[in-house]
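What follows is a short report on a single structure.
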Amino acid sequence: MPIYTYRCDNCGVQFDRKQKFSDEPLKVCPECQTETLRKVYLPVGIVFKGSGFYATDNRSPSGTDSRHPEEQKSESNQVGEPEKKTKKEDKAEAKDN
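Going by my numbering, the final residue of the sequence shown carries number 84, and the count climbs one at a time with no gaps.
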């Protein structure tokens, strides 16, 4: 069963109550007997232990692809992407034509 935190808007008293999901929320303050009781939604405490799942997971230490550039080129050619040419190769090709 979850534990809910309640706070009275009238007197300011705050307390925790263990309730079932199906239970109706409390409305009457146990201190001042007014119907000004509300549930308080608190942030959940998260503790990261071990390596976990972080933004840096599944990446190389430098944040780039860890494969050698030649391996990347050969893979891009297998996928059907055209091989990128450098400016020098473009100039040499233009001279030949």
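Beta carbons are placed, not taken as given, at the ideal position from N, Cα and C, and that holds for glycine.
These figures come from a predicted structure and were not determined experimentally.
DSSP state of Asp3, grouped into three classes?
One-based indexing of the sequence shown puts residue 3 at position 16. Reduced to three states, the DSSP call for Asp3 is strand.
Nearest-angstrom Cα distance between Cys(-2) and Lys14?
Translated into the one-based positions of the sequence shown, residue -2 becomes position 11. Translated into the one-based positions of the sequence shown, residue 14 becomes position 27. Whole-angstrom Cα-Cα distance: 14 Å.
Which residues bound the beta strand (DSSP E) around Lys36?
In the sequence shown, counting from the first residue as 1, residue 36 sits at position 49. Run containing Lys36: none; DSSP gives neither H nor E here.
How many Å lie between Thr23 and Cys(-5) at the Cα?
In the sequence shown, residue 23 corresponds to position 36, counting from 1. In the sequence shown, residue -5 corresponds to position 8, counting from 1. Each residue's alpha carbon lies about 5 Å from the other.
Using the C-alpha atoms, what's the distance from Tyr(-9) back to Phe8?
Position 21 of the sequence shown holds residue 8. Position 4 of the sequence shown holds residue -9. Their Cα atoms are separated by approximately 10 Å.
Just to confirm, are Val0 and Glu11 a CB contact at a threshold of 8 Å?
Locating residue 0 in the sequence shown gives position 13, where the first residue counts as 1. Locating residue 11 in the sequence shown gives position 24, where the first residue counts as 1. Taking 8 Å as the Cβ cut-off, Val0 and Glu11 do not qualify as a contacting pair.
For Tyr(-7), count neighbouring C-beta atoms within 10 Å of its own C-beta (all shown protein chains included) and say buried if the count is 16 or more, exposed if not.
Walking along the sequence shown from the start, residue -7 turns up at place 6. That one is buried.
Rounded to a whole number of angstroms, what is the C-alpha to C-alpha distance between Phe2 and Gly37?
The residue you call residue 2 lines up with position 15 of the sequence shown. The residue you call residue 37 lines up with position 50 of the sequence shown. Distance between the alpha carbons of Phe2 and Gly37: 34 Å.
How big is the Cα-Cα spacing for Leu29 and Phe35?
What you label residue 29 is simply residue 42 of the sequence shown in a count that begins at 1. What you label residue 35 is simply residue 48 of the sequence shown in a count that begins at 1. If I take the Cα positions, the gap works out to 19 Å.
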